[in-house]
Structures are given as structure tokens and as C-alpha cells.
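What follows is one structure encoded as C-alpha cells, with my remarks underneath.
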Amino acid sequence: MIAGALAITAGSVNAAESGCAGEEMPLLSGTTLTCATELGINPNQGVDLSAEVSAALSDGKSLFFPAGSYLIGSDVVLNEKNSLVGSESGVTIIRGVKKDESISIGNKTYSIQVNQLTIKNIIFDNATVNFYGNKKNIAIKNNAFVNTVSAREQLTVSHHPFTIYGNVFLRDKNHPGLGISTYRNTNTKIENNVIGDISDENILLTMNYYDVETYNLIKKIKQSAINEQLNISDEQGYFVSGWYATDGLKDSVFRNNIISGNTLDCLDVSGETEKAKCTMTRDHVIYIKQYNNVDVVNNYFSGWPLNANGNLKFRNASHLYFAGNHLNKTEFNARPYDNNNTLNMDNTFIFNNNLKDTKISYWQNFTDTDDYYINAKNFVVFDNLFIAENQSGIGISSSWRSTHGEFLEANNHYADQTLVETQVFQSVDIASAKERLPAKKIALLAIKPIPLWKKIGNIGGPDLKDNQLVRLDIETEGYPSQFVVYAPDNKHHYPTYRWASKLTALFNEKIKGACAGALTNNVTTDNSCKFMTPKGSSYLNNIYATESKPATYNTKIIDKYLEVGYISGSKIQLGQSIKLSVSFEDGTHKELTYTPDSEYRTAGHRWTAELAHKINAGIPGLCAGKYTENTEQGNVISKCGTVIPSGSSYLNKIYTVNGQSAKIDISINN
Numbered sequence: 001m002i003a004g005a006l007a008i009t010a011g012s013v014n015a016a017e018s019g020c021a022g023e024e025m026p027l028l029s030g031t032t033l034t035c036a037t038e039l040g041i042n043p044n045q046g047v048d049l050s051a052e053v054s055a056a057l058s059d060g061k062s063l064f065f066p067a068g069s070y071l072i073g074s075d076v077v078l079n080e081k082n083s084l085v086g087s088e089s090g091v092t093i094i095r096g097v098k099k100d101e102s103i104s105i106g107n108k109t110y111s112i113q114v115n116q117l118t119i120k121n122i123i124f125d126n127a128t129v130n131f132y133g134n135k136k137n138i139a140i141k142n143n144a145f146v147n148t149v150s151a152r153e154q155l156t157v158s159h160h161p162f163t164i165y166g167n168v169f170l171r172d173k174n175h176p177g178l179g180i181s182t183y184r185n186t187n188t189k190i191e192n193n194v195i196g197d198i199s200d201e202n203i204l205l206t207m208n209y210y211d212v213e214t215y216n217l218i219k220k221i222k223q224s225a226i227n228e229q230l231n232i233s234d235e236q237g238y239f240v241s242g243w244y245a246t247d248g249l250k251d252s253v254f255r256n257n258i259i260s261g262n263t264l265d266c267l268d269v270s271g272e273t274e275k276a277k278c279t280m281t282r283d284h285v286i287y288i289k290q291y292n293n294v295d296v297v298n299n300y301f302s303g304w305p306l307n308a309n310g311n312l313k314f315r316n317a318s319h320l321y322f323a324g325n326h327l328n329k330t331e332f333n334a335r336p337y338d339n340n341n342t343l344n345m346d347n348t349f350i351f352n353n354n355l356k357d358t359k360i361s362y363w364q365n366f367t368d369t370d371d372y373y374i375n376a377k378n379f380v381v382f383d384n385l386f387i388a389e390n391q392s393g394i395g396i397s398s399s400w401r402s403t404h405g406e407f408l409e410a411n412n413h414y415a416d417q418t419l420v421e422t423q424v425f426q427s428v429d430i431a432s433a434k435e436r437l438p439a440k441k442i443a444l445l446a447i448k449p450i451p452l453w454k455k456i457g458n459i460g461g462p463d464l465k466d467n468q469l470v471r472l473d474i475e476t477e478g479y480p481s482q483f484v485v486y487a488p489d490n491k492h493h494y495p496t497y498r499w500a501s502k503l504t505a506l507f508n509e510k511i512k513g514a515c516a517g518a519l520t521n522n523v524t525t526d527n528s529c530k531f532m533t534p535k536g537s538s539y540l541n542n543i544y545a546t547e548s549k550p551a552t553y554n555t556k557i558i559d560k561y562l563e564v565g566y567i568s569g570s571k572i573q574l575g576q577s578i579k580l581s582v583s584f585e586d587g588t589h590k591e592l593t594y595t596p597d598s599e600y601r602t603a604g605h606r607w608t609a610e611l612a613h614k615i616n617a618g619i620p621g622l623c624a625g626k627y628t629e630n631t632e633q634g635n636v637i638s639k640c641g642t643v644i645p646s647g648s649s650y651l652n653k654i655y656t657v658n659g660q661s662a663k664i665d666i667s668i669n670n
């Protein structure tokens with residue numbers, strides 16, 4: 001069971017149709033949803049509902065399944081406009097109960113046309129989704145695939161445009177196998193999907209990849225495990241491959257996906273570790289071949305063993321644009337073979353990627369001749385950042401077997417700007433490298449890796465005492481110095497586990513380039529820290545740099561009252577005014593004016609006290625008066641509790657009470 005899973009409250013983003021079992025049905029463009037319960041398809045009945053579902057679909061209906069679990073024991077065929085939609089606010093589970101295998105949902109008959117169909121908001125527990133042949137304009141969004149008994153792909157699509165967006169694919173040690181498969185697809189978008197590890201640690205690392213819907217889907221999965229609605233193991237990276245595109249992918253995009261496996265060589269359910277006896281070995285993080293014009297951009301790749309069975313594998317194809325990706329200990333490997341009608345690896349562009357402890361390589365299994373060769377013209381590698389403690393060895397390589405290739409590189413370097421060593425690559429200037437990009441792809445030069453989050457510490461410290469504040473200062477590269485101060489308004493908040501939560505909330509509201517707290521179960525804001533929430537804890541409010549930039553911070557307990565000036569003076573003339581200006585450390589500027597309304601209040605010991613009273617009432621963060629012993633009763637803390645205006649021409653000092661320094665100016669005006 002995944003520990004620390006969180007409850008979900010997910011709001012509908014669409015207008016709604018009429019109610020269904022207490023829920024509002026979302027609207028789908030061009031589709032009318034029918035409430036499943038109105039057709040006798042009720043959740044949580046513990047009986048096989050295959051016949052009822054198939055009957056409803058055969059009538060041409062699209063179904064909305066309100067929250068609950070639906071048992072399906074047979075394959076489900078979807079035809080024209082047979083959309084399936086689950087609950088947005090709750091959890092809809094379609095559970096395959098076919099013995100020793102997974103049920104299939106979709107349509108695998110090549111000749112049958114299926115158009116305009118959506119599958120959304122469903123957790124498929126031991127169920128796969130499969131479309132083959134004359135199928136198009138199908139969207140598969142915000143679903144999850146868990147406990148898939150079949151080792152075959154959890155989702156397969158082919159031949160035509162599809163949208164695969166915001167889905168979560170999981171496989172534990174008892175359910176190893178494949179993730180996504182695309183076959184001869186055109187104009188297909190695979191975006192914002194999560195394949196593998198959904199631990200809090202991995203989510204926090206890749207937090208900038210998430211949208212609210214995908215994040216909430218993962219929280220639904222975790223909460224369902226806590227509620228014993230699903231059986232979800234902690235480790236979910238048992239994938240043979242995350243994505244297969246075995247032939248003919250064209251004019252398509254693989255963007256903003258997270259693929260996080262593990263490094264095991266063998267995935268046998270038996271636990272076999274000896275490679276020679278293994279029946280289920282790894283077959284690359286992704287494996288795509290015979291494609292044309294594919295953008296693989298802004299993804300995160302991690303896991304898989306550090307051998308030939310790992311790697312991102314690209315074979316016998318043309319026009320790959322691989323940009324803005326993170327490769328965490330997994331290699332980019334272009335690997336064309338001669339047992340293929342497509343003898344190309346041309347127009348391969350690899351740029352603006354971050355590669356941690358890995359490399360970029362090209363290899364082919366035969367030596368070119370003038371009559372038979374791999375066309376590897378325009379294989380260009382530039383502006384990649386390599387991250388490694390050991391900078392020795394070749395980081396970018398090609399093969400001596402390629403005599404008809406054109407391998408160019410420019411400005412590939414380590415963090416300290418040391419250039420990466422190359423083999424069988426010609427070094428050119430960066431302008432020449434970029435000029436090789438087709439004009440229609442120039443916009444891709446702006447793509448940079450999505451920043452990863454990095455933990456830099458946590459919010460904590462000693463308990464507060466009377467007349468104390470807590471201040472956190474942070475230095476983040478790319479931003480000016482920033483700080484946040486928590487001033488308790490009640491002694492109840494003196495313990496660390498209370499003030500840390502309050503300071504965390506202020507931190508997320510005001511600090512840029514960093515977030516603090518723990519993963520939330522309820523996204524309520526739309527700021528950069530929307531997935532974080534303060535915890536009532538002295539150690540659980542972690543601080544993360546969110547833009548891959550170096551950051552340091554310091555938390556300190558400080559005195560509430562910082563003297564920044566004083567009020568003194570002699571008698572003034574009736575009609576004259578005293579103007580006070582204050583400029584705080586954070587740039588806030590405030591002014592106020594006091595004009596005595598009688599001769600009586602023009603005396604030096606009177607107007608100074610009146611000005612002090614006005615400061616205390618009118619300027620947040622500033623107090624004036626004489627500092628006294630704490631006389632406050634109870635737990636409530638007032639703004640200026642121990643500073644009281646004095647009828648004196650020289651005893652009224654000015655203090656900041658917001659943890660900031662300030663500059664004070666007092667002038668007398670006619």
C-alpha cells in the first residue's frame with residue numbers, strides 16, 4: 001500500500017448535464033452522455049456488468065459512470081461515438097475480472113470505422129484499451145491503468161490521429177509489461193502522461209510537469225489504495241518499455257511525459273534474477289523506429305538498466321527533433337540496422353537536453369558501402385548540458401562503420417563549461433549547427449528542459465517566546481534577495497509545529513523560485529506552489545528550489561521590536577503639520593501627517609504622543625512609543641503591545657514590528 005496517499009477534491013472544469021447518482025455529468029462536445037445507473041449499470045454490486053454495458057453501447061450510447069467500482073468480465077467493443085466517461089469529483093473504477101488475463105476495451109477490427117470518441121476519468125484495474133485500423137479523432141484523457149495482468153501494452157492505438165493526454169500507467173512486480181504502443185499513427189499527440197514511479201519523491205522532483213488533472217488523478221489512485229478500493233504497491237516501475245512506436249509514426253508529438261522505471265534486468269514475476277533464465281527482459285525506455293517527423297520534447301526519462309536493454313532507442317528513420325528532455329542515467333541511442341527497408345537515420349537533431357551520467361551515441365550493425373549504406377546526413381547534436389562528476393570519457397559518439405553519415409556537434413558541455421569529448425563527430429560553430437534545422441522547426445530552439453525541483457531544506461526552529469518573530473531569508477539565482485516574516489497574533493502559535501505551518505503559507509504566497517510544505521490533497525490556488533500545502537509539523541515543511549537554480553536560505557528567530565528612529569521636538573505653531581515617511585526593506589512606502597487641531601496640542605510633549613498614536617493606528621508594521629514590560633493578558637498578541645505612546649518630547653521611539661529594517665523621515669511643514 002502506498003503510504004501517505006491523499007484525499008482528492010477535484011472540481012469539474014466543464015459545464016454539466018443533468019445529475020447522475022448525485023453527480024453532475026460533464027459535457028462532451030458533440031456527444032450526449034447517458035447515466036449508466038439509469039440503464040441498470042450500478043457500481044459496487046460485485047457482479048459482472050459486461051452484458052449490461054455491451055447492450056448499452058450497442059444502442060449507440062455514450063456512458064457516464066458515476067463514482068464506484070464496475071466489474072467487467074468480457075471484452076468491451078466500442079463503436080462510433082461510444083464514449084466512456086468517469087467521475088470528475090469521485091473515483092470511477094472499471095475492474096477486469098477475466099481469469100488470468102486483462103479485458104480489452106476498444107475496437108481491434110481494422111475495417112470498422114470508429115470516429116469521435118472520448119475515454120476519460122476512469123481507472124482501469126486490469127483492463128487495457130486497444131484501437132486498431134480505421135479509427136480516428138479519439139481522445140484518451142486522464143485515465144489510469146493499474147494491475148494489468150497482461151504483459152502486452154496497456155494502451156494501443158494505430159493508423160490515425162489520436163490524443164493521449166494526462167494518463168497514468170502503473171506496473172508493479174506482479175504485473176510487469178509494456179505501457180503505450182502506437183503503430184503507423186499520424187498527427188498523434190502523446191502529452192502529459194506519467195509512466196511508472198508515482199512516489200512522492202518522484203512527483204516532487206518532476207512537479208513542474210504536472211497539470212491539475214493529472215496530479216489529482218494520482219491522488220485519487222493513492223487515496224483509493226488507502227480506502228482499499230485499489231491494491232496499489234509502492235513500486236510501480238516494472239515496465240519492459242514505456243512507449244513502443246514500431247512502425248510508421250508520422251507528424252506526431254511526444255511531449256511533457258514522465259517515464260520513470262527501475263534498473264532491474266529481469267521482470268519475471270517469479271523474481272528470477274539470472275539473466276540467462278529470464279523470460280521478461282527490458283526493451284528500452286522508449287523504442288521507436290521507421291518514423292518521419294516526430295518531436296520528442298520536454299520529457300523526463302529515468303530508470304532501466306545501464307546496458308543495451310536500457311536506453312532510449314531510435315531506429316531506421318528520418319526527421320527526429322529531440323529537445324528539452326531530461327535523461328537521468330539513460331542513454332540516447334540511435335541504432336539503425338541493415339535488416340530494414342528504411343536505411344535512414346538522417347535529419348536527427350538533438351539539442352537543449354540535460355543528460356545526467358549518460359551519453360549520446362550512434363551505432364550501426366554493418367559497414368557502409370557505396371551501394372548499401374545508412375543515410376545519416378544531418379545528424380546534429382548541439383547545446384546539450386551534460387551533468388557528471390566524472391567528465392572523462394566520450395560523451396557523444398558515432399561509429400566508424402558509417403561512411404555516409406554527416407555527424408556534427410556544437411557547444412555540448414558540462415556545467416563548468418568544459419566541452420564534452422566526442423568521437424567521429426565534426427565540431428562546428430553553434431550558428432552552423434542551428435542552420436541545419438528546417439525552417440519550420442526553428443521555433444523548437446526556444447524549448448528548454450522543464451526545471452526539476454530540488455529540496456534545499458525545511459522550515460523549522462525553536463519555539464517562539466514573547467516579543468519574537470521568525471524570519472526566513474532566501475537567495476535564489478535569478479531573483480533578488482527575498483524574505484518572509486511570520487508574526488504570531490496569538491501565543492497559541494509559539495510552538496514550532498504551529499509557526500512553521502504559518503510561515504510556510506506565507507512563503508508560498510510571497511517567494512518566487514521556491515515552494516515549501518508537503519504535497520496537497522486539494523488544489524485550491526493557481527499559483528506556482530498550488531500543489532503544496534503547509535503541514536502542522538516541526539520538520540515536514542520542506543523547501544524546494546523550483547527552477548533548477550542554486551538556492552540557500554536562513555531561518556532565524558528575531559526580536560519583534562527593531563528600533564529604527566524616534567520622535568522628538570519642541571512646540572510648533574498652530575497650522576503647522578508633522579509628516580512621517582517610512583520606507584520598509586521590502587520596498588513598501590507609507591506616509592502620514594498629523595496636524596494639531598488646537599494650541600494645546602502644539603506642545604512638544606503632546607504632538608509627539610499624538611503622532612505616535614497615529615502611527616500605531618495607521619501604519620502596518622510600525623509602532624511608536626515607549627518600550628515597557630509586557631503587560632498583555634491572555635494569549636492574544638496586539639500589534640504594538642509593549643510599545644505605548646508617551647507624553648514626552650523625547651521618549652517616543654519608533655520600531656518596526658514586521659521583521660524588517662526601515663528608513664524614517666520626519667518633517668514639519670507649514
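Going left to right, the sequence shown walks through residues 1 to 670 as full-length UniProt numbering numbers them. Ideal placement from N, C-alpha and C gives every residue a C-beta, glycine not left out.
Taking 9 Å as the cut-off, the beta carbon of S392 is found closer than this to the beta carbon of E421.
A check of alpha carbon separations from Q423 across V212, S399 and N412 identifies S399 as the nearest. When D338, G60, A415 and T656 are compared, the shortest CA-CA separation from N316 is found for D338. As computed with DSSP, F322 is found in a beta bridge with V296 and I350.
Residue pairing by DSSP puts L622 in a beta bridge opposite T656. A433 sits close to L408, with the two beta carbons spaced by under 9 Å.
Looking at the DSSP output, Q423 bridges to S397. For D251, the three-state secondary structure derived from DSSP is strand. With a contact defined as Cβ atoms closer than 8 Å, D48 and G68 miss out at about 15 Å. For the set T476, V294 and C35, the Cα lying nearest the Cα of Y544 is the one of T476. Apart from sequence neighbours up to five positions away, the residues of its chain that approach H589 with a beta-carbon distance below 6 Å are S583, ordered along the chain.
Distance from G303 to G237 at the Cβ level is roughly 5 Å; contact confirmed, criterion being Cβ atoms closer than 8 Å.
The bridge partners DSSP lists for E563 are Y655. Here the alpha carbon of N256 sits roughly 5 Å from the alpha carbon of N192. Rounded to the nearest whole angstrom, the C-alpha separation of I654 and G587 is 18 Å.
The beta carbons of K81 and Q113 sit no closer together than 9 Å. Counting of Cβ neighbours within 10 angstroms places K222 among the buried residues, the total reaching 16 or more. By the C-beta criterion, the segment 528-547 is judged not to be in contact with the segment 632-648, since fewer than 3 inter-stretch pairs fall below 8 Å. By the neighbour-count criterion, in which a residue is buried when 16 or more other Cβ atoms sit within 10 angstroms of its Cβ, S402 is buried. Between the segment 226-236 and the segment 263-271 there are fewer than three inter-stretch CB-CB distances shorter than 8 Å, so the stretches are not counted as touching. Closest by C-alpha distance to A518, out of Q468, G565, T533 and K120, is T533. In the three-state DSSP reduction, E213 falls in the helix class (H, G or I). In the structure shown, S150 falls within a coil segment according to DSSP collapsed to helix, strand and coil. In terms of Cβ geometry, I619 and L651 do not form a close pair [threshold 9 Å]. Annotation: W607 to V484 spans about 34 Å, alpha carbon to alpha carbon. Per the coordinates, the alpha-carbon of L385 lies some 39 Å from the alpha-carbon of G536. By the Cβ neighbour-count rule, Q426 is exposed, with fewer than 16 other Cβ atoms within 10 Å of its own. Taking every protein chain shown into account, the CB of Q633 has fewer than 16 other CB atoms within 10 angstroms, so this residue is exposed.
Take the alpha-carbon of G166 and the one of N147: they are about 19 Å apart. In this structure, the beta-carbon distance from S83 to T31 falls below 9 Å.
Judged by DSSP secondary structure, W499 falls outside any beta strand (DSSP E) and instead within the alpha helix (DSSP H) spanning T496 to K510.
Counting only runs of 4+ residues, the alpha helix (DSSP H) found wholly inside the segment 132-207 occupies 200-205, in chain order. Judged by DSSP secondary structure, I543 falls within the beta strand (DSSP E) whose first and last residues are N542 to A545. Beta-bridge annotation (DSSP): V129 is paired with I105 and L155.
Counting along the chain, S581 sits inside the beta strand (DSSP E) bounded by residues S577 to F584.
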